[in-house]
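Peer 1: My questions all concern the structure below.
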Amino acid sequence: MNEITLPVDLIHWILATLSIIALLVFLVPLRWRAPEAGPGAMFVAGLIAVFAFRTPITTLAVASGKGVWDAIFILYVMWPALLLYQITKQAGGYDALRHGISRFSRNDLFVILGLGWVFSSFLQGIAGFGAPIAVVAPLLLAIGVRPVHAAAISIIAHAWARFFGTLGVGWLATLQVADIQDVGRAAFESCVLLLIPTYFGGLLIVWLYGRWAAVRHGWPLVLILGTILGFGQLIFAYLSPELSTFLAATVAMVALYPLSRWRRFREPVPAAEVPDRPAMDPAAVGMQNETEEPVMSLGMAFLPYVVLTVVTLGILLIGPLNDALRQFRIGLPFPEVSTGFGVRNAAVARYAPFSPFTHPGTMLLISAIVVWIVYRVNGFYGAWQSRHGGENLGRSLIVDGVPASLPVIAFLVTSRVLDHSGQTQVLAHGIADVSPPLVYAGIASVIGALGAFMTSSSTASNVLFGGLQSDVAQLHSLPTEAIIAAQAAGSAYGNAIGPANIVLGTSISGIKGQEGAVMKLALPWTVVVAILTGIGTILLVIFA
Numbered sequence: 001m002n003e004i005t006l007p008v009d010l011i012h013w014i015l016a017t018l019s020i021i022a023l024l025v026f027l028v029p030l031r032w033r034a035p036e037a038g039p040g041a042m043f044v045a046g047l048i049a050v051f052a053f054r055t056p057i058t059t060l061a062v063a064s065g066k067g068v069w070d071a072i073f074i075l076y077v078m079w080p081a082l083l084l085y086q087i088t089k090q091a092g093g094y095d096a097l098r099h100g101i102s103r104f105s106r107n108d109l110f111v112i113l114g115l116g117w118v119f120s121s122f123l124q125g126i127a128g129f130g131a132p133i134a135v136v137a138p139l140l141l142a143i144g145v146r147p148v149h150a151a152a153i154s155i156i157a158h159a160w161a162r163f164f165g166t167l168g169v170g171w172l173a174t175l176q177v178a179d180i181q182d183v184g185r186a187a188f189e190s191c192v193l194l195l196i197p198t199y200f201g202g203l204l205i206v207w208l209y210g211r212w213a214a215v216r217h218g219w220p221l222v223l224i225l226g227t228i229l230g231f232g233q234l235i236f237a238y239l240s241p242e243l244s245t246f247l248a249a250t251v252a253m254v255a256l257y258p259l260s261r262w263r264r265f266r267e268p269v270p271a272a273e274v275p276d277r278p279a280m281d282p283a284a285v286g287m288q289n290e291t292e293e294p295v296m297s298l299g300m301a302f303l304p305y306v307v308l309t310v311v312t313l314g315i316l317l318i319g320p321l322n323d324a325l326r327q328f329r330i331g332l333p334f335p336e337v338s339t340g341f342g343v344r345n346a347a348v349a350r351y352a353p354f355s356p357f358t359h360p361g362t363m364l365l366i367s368a369i370v371v372w373i374v375y376r377v378n379g380f381y382g383a384w385q386s387r388h389g390g391e392n393l394g395r396s397l398i399v400d401g402v403p404a405s406l407p408v409i410a411f412l413v414t415s416r417v418l419d420h421s422g423q424t425q426v427l428a429h430g431i432a433d434v435s436p437p438l439v440y441a442g443i444a445s446v447i448g449a450l451g452a453f454m455t456s457s458s459t460a461s462n463v464l465f466g467g468l469q470s471d472v473a474q475l476h477s478l479p480t481e482a483i484i485a486a487q488a489a490g491s492a493y494g495n496a497i498g499p500a501n502i503v504l505g506t507s508i509s510g511i512k513g514q515e516g517a518v519m520k521l522a523l524p525w526t527v528v529v530a531i532l533t534g535i536g537t538i539l540l541v542i543f544a
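Numbering of the sequence shown is given in UniProt numbering, commencing with residue 1 and proceeding in unit increments.
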């Protein structure tokens with residue numbers, strides 16, 4: 001077995017950060033589009049891997065192949081989501097949603113919080129893997145939210161739900177790789193730290209909606225819903241960590257109805273209280289007052305999401321059905337590869353196998369087919385086309401999907417190259433080696449966020465760094481449960497800046513090429529949450 005001799009020094013640490021820095025520079029200051037920035041960062045990572053980390057071409061090829069396979073997992077959400085979006089849009093569904101929701105509640109801030117925070121968290125609880133972004137962004141657009149803000153809200157506000165969401169897949173992955181003595185305490189402390197992105201997810205929405213004036217108007221609703229979501233997850237985690245996010249979000253969904261009867265949030269937001277509303281598109285909001293009736297009812301417009309919820313719950317919660325569907329799993333074989341520094345990746349018969357029949361993409365695809373049939377039978381396509389002209393479904397899908405797919409592939413190939421060349425390990429060990437115990441506790445969540453940034457996945461972040469975090473905690477004599485909780489929180493909030501998530505959001509929102517604008521909204525929020533999570537972790541360590 002090759003001995004690992006990775007150089008954990010300042011020069012190699014800086015080199016390992018260059019592809020990440022390059023990606024941020026490409027997206028934000030240079031304003032490159034994701035299809036340009038993604039391959040650029042991938043090229044930088046590959047060059048550094050070959051010339052500074054002694055990575056053979058064969059290792060690069062295997063890493064790239066694994067990255068493409070990882071991307072297929074996400075693309076299988078993206079393409080069915082785009083299909084469902086086009087099927088609903090071309091039947092006049094979003095026009096009906098805009099009209100109907102405005103009648104249900106005239107307070108658009110309440111509606112945005114309900115959709116962008118609560119409903120997206122509910123979807124993350126049962127489906128995840130990009131489904132909340134794909135479903136919620138079009139709904140926000142339908143009620144008049146600007147596309148950049150719709151993308152940002154749909155990506156960021158439900159980030160808190162990433163760890164225990166998707167029926168606990170991130171939590172289960174962490175248990176597989178980390179040495180945790182007190183599992184119950186680790187779950188409890190993870191929920192405690194996740195309170196920070198929970199409340200700040202709601203605060204972000206009201207801030208984007210109307211800055212401090214909106215915060216003053218909306219803080220009671222944020223406090224109530226945040227408590228239901230965050231403390232609900234904490235309470236339900238005692239019963240079942242795997243179901244805690246889903247159950248908390250379900251309670252919050254139910255609570256929306258009585259809250260909508262509260263006069264403060266039943267009536268429109270007073271213009272005198274919140275005069276400036278940068279998240280809202282005046283032209284789109286003005287369309288809500290049009291006299292032309294939509295071609296379908298509000299209930300029929302919500303059909304895609306009702307079908308999606310029923311299909312998802314049926315597949316995931318009916319035990320025998322779920323067990324049967326999970327029998328068929330797909331994974332690709334890859335050979336063993338290594339680097340000149342001894343970083344070895346063992347051969348695998350089936351790399352990252354997944355079950356296509358329980359994948360969220362299949363649930364979206366089934367929903368799209370059912371909705372298309374129902375809308376076609378009811379004549380909604382003909383009625384909408386007679387008013388607004390027709391679009392070609394296949395052409396629209398290709399125009400949206402192809403430009404969005406390239407950067408997702410590039411980002412995940414970059415992630416695998418960083419991992420297989422040892423750059424990821426140098427980054428993490430460099431931080432751990434120079435940090436005193438309390439300082440490490442303060443920045444432990446940043447390592448989790450780094451993993452989420454690289455992979456756009458809480459689960460992948462925990463697989464990458466969960467074991468490292470528990471090892472470093474033991475070396476520094478820190479409580480492992482607190483450090484794992486920090487890793488959990490970081491793996492959740494770091495998704496707010498995950499490039500693949502941002503590309504999905506901009507694609508669904510119809511603003512391909514504006515990923516930098518979304519990143520500008522997400523990055524400050526992520527920094528604030530990271531600082532507060534670091535403080536929270538230190539307090540957990542001190543009072544352990």
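Ideal placement from N, C-alpha and C gives every residue a C-beta, glycine not left out.
Under the DSSP definition of a beta bridge, which residues are partnered with valine 145?
Peer 2: Answer by DSSP bridge pairing, in chain order: Met280.
Peer 1: Check whether the Cβ atoms of tyrosine 19 and alanine 41 sit closer than 8 Å, and answer yes or no.
Peer 2: A quick correction: the sequence has serine, not tyrosine, at residue 19. For serine 19 and alanine 41, yes; Cβs fall inside 8 Å.
Peer 1: Pull up the DSSP beta-bridge partners for tyrosine 351, would you.
Peer 2: Beta-bridge pairing links tyrosine 351 to Leu332.
Peer 1: Is the beta carbon of alanine 71 sitting closer than 8 Å to the one on leucine 60?
Peer 2: No. Outside cutoff.
Peer 1: Would the beta-carbon of alanine 186 fall within 8 Å of that of alanine 237?
Peer 2: Not closer than 8 Å, so no.
Peer 1: Closest by CA to isoleucine 497, which one among Val310, Phe200, Val518, Ser121?
Peer 2: Considering only alpha carbons, the answer is Val518.
Peer 1: Grab the span of the alpha helix (DSSP H) containing leucine 501 for me, first residue to last.
Peer 2: Correcting the residue type first, residue 501 is asparagine in the shown sequence and not leucine. 499–508 is the span of the alpha helix (DSSP H), which, as asked, contains asparagine 501.
Peer 1: Within 7 Å: the Cβ of alanine 214 and any heavy atom of the ligand ATP?
Peer 2: This structure does not include the ligand ATP; it has no bound ligands of any sort.
Peer 1: Take the Cβ of arginine 326 as the centre, count every other Cβ of all protein chains shown within 10 Å, and call the residue buried at 16 or more, exposed below.
Peer 2: Looking at its Cβ environment, which holds fewer than 16 other Cβ atoms inside 10 Å, arginine 326 is exposed.
Peer 1: Near glutamine 181, what residues of its chain come up, given a Cβ to Cβ distance below 8 Å and the 5 sequence neighbours on each side ignored?
Peer 2: The residues are Thr480, Glu481.
Peer 1: Can we say the segment 207–215 touches the segment 257–277, given the rule of at least three CB pairs closer than 8 Å?
Peer 2: Touching, per the Cβ criterion.
Peer 1: Kindly confirm or deny that the segment 213–233 and the segment 249–256 touch, where touching means at least three C-beta pairs closer than 8 Å.
Peer 2: They touch, by the three-pair rule.
Peer 1: Among residues of its own chain, excluding the 5 on either side of alanine 488, which ones have a beta-carbon nearer than 6 Å to its beta-carbon?
Peer 2: Hits under 6 Å: Phe163, Ser190.
Peer 1: Pick out whichever of Val269, Leu84, Gly390, Gly232 has its Cα sitting closest to the Cα of leucine 195.
Peer 2: The candidate whose alpha carbon is nearest that of leucine 195 is Gly232.
Peer 1: Using alpha carbons as the reference points, say which of Gln469, Phe354, Leu478, Thr312 lies closest to phenylalanine 543.
Peer 2: Selected option, being the one with the closest Cα: Leu478.
Peer 1: Which of the three DSSP states, helix, strand or coil, is assigned to leucine 539?
Peer 2: Helix, per DSSP.
Peer 1: For asparagine 378, I'd like the list of residues in its chain whose CB is within less than 8 Å of its CB, leaving aside the five on either flank, ordered along the chain.
Peer 2: Within the same chain, asparagine 378 has close Cβ partners Met296, Met300.
Peer 1: For valine 417 versus glycine 46, is the C-beta spacing smaller than 8 Å?
Peer 2: Yes, the pair counts as a contact, with Cβ atoms nearer than the cut-off.
Peer 1: Going residue by residue through the segment 19–85, where are the continuous alpha helix (DSSP H) segments of at least 4 residues, counting only ones entirely within it?
Peer 2: Complete alpha helix (DSSP H) runs here, min 4: 34–52.
Peer 1: Rank Tyr493, Ile502, Ile511, Gly516 by C-alpha distance to the C-alpha of valine 527 and give the top, closest one.
Peer 2: Nearest C-alpha to valine 527: Tyr493.
Peer 1: Whose CA, out of Ile57, Leu24, Trp219, Phe73, lies closest to the CA of proline 356?
Peer 2: Nearest option by C-alpha distance: Phe73.
Peer 1: Within the segment 223–267, note down every full alpha helix (DSSP H) run reaching 4 residues or more, in order along the chain.
Peer 2: Those alpha helix (DSSP H) runs which fall completely within the segment 223–267 and span 4+ residues are 241–260, 263–266.
Peer 1: Rounded to whole angstroms, what's the CA-CA distance from alanine 271 to histidine 217? Just pull it up for me.
Peer 2: For alanine 271 and histidine 217, the distance between alpha carbons rounds to 11 Å.
Peer 1: So, are the CB atoms of glycine 116 and isoleucine 224 less than 8 Å apart?
Peer 2: No, these two residues do not count as a Cβ contact at 8 Å.
Peer 1: Please name the residue in Leu332, Thr358, Gly340, Pro333 whose C-alpha comes closest to that of isoleucine 318.
Peer 2: Minimum Cα distance to isoleucine 318 is reached at Thr358.
Peer 1: Taking the alpha-carbon of phenylalanine 246 as reference, which of Ala52, Val269, Val169 has the nearest alpha-carbon?
Peer 2: Ranking Ala52, Val269, Val169 by Cα distance to phenylalanine 246 puts Val169 first.
Peer 1: Candidates Trp384, Ile369, Arg266, Tyr209: which alpha carbon is nearest proline 294's?
Peer 2: Cα-wise, what sits closest to proline 294 is Trp384.
Peer 1: Considering only C-alpha positions, which residue in the set Arg31, Gly467, Tyr440, Ile112 is nearest to isoleucine 538?
Peer 2: The option with the nearest alpha carbon to isoleucine 538 is Tyr440.
Peer 1: Rounded to a whole number of angstroms, what is the C-alpha to C-alpha distance between serine 458 and serine 491?
Peer 2: Rounded to whole angstroms, serine 458 to serine 491 spans 5 Å at the Cα level.
Peer 1: Does DSSP classify serine 396 as helix, strand or coil?
Peer 2: Three-state result, serine 396: helix.
Peer 1: Give the C-beta separation of leucine 140 and serine 154 to the nearest angstrom, bearing in mind that I take them to be a contact with Cβ-Cβ under 8 Å.
Peer 2: About 6 Å separates the two Cβ atoms, so the contact holds.
Peer 1: Can you tell me whether phenylalanine 328 is buried or exposed, with buried defined as 16 or more other CB within 10 angstroms of its CB?
Peer 2: Classification of phenylalanine 328: exposed, given that the 10 Å Cβ count is below 16.
Peer 1: Less than 8 Å between the C-beta atoms of alanine 159 and glycine 466, yes or no?
Peer 2: No, Cβ-Cβ distance for alanine 159 and glycine 466 is not below 8 Å.
Peer 1: Going by alpha carbons, who is nearest to isoleucine 21 out of Leu6, Val529, Asp9, Gly38?
Peer 2: Isoleucine 21 has its Cα closest to that of Gly38, out of Leu6, Val529, Asp9, Gly38.
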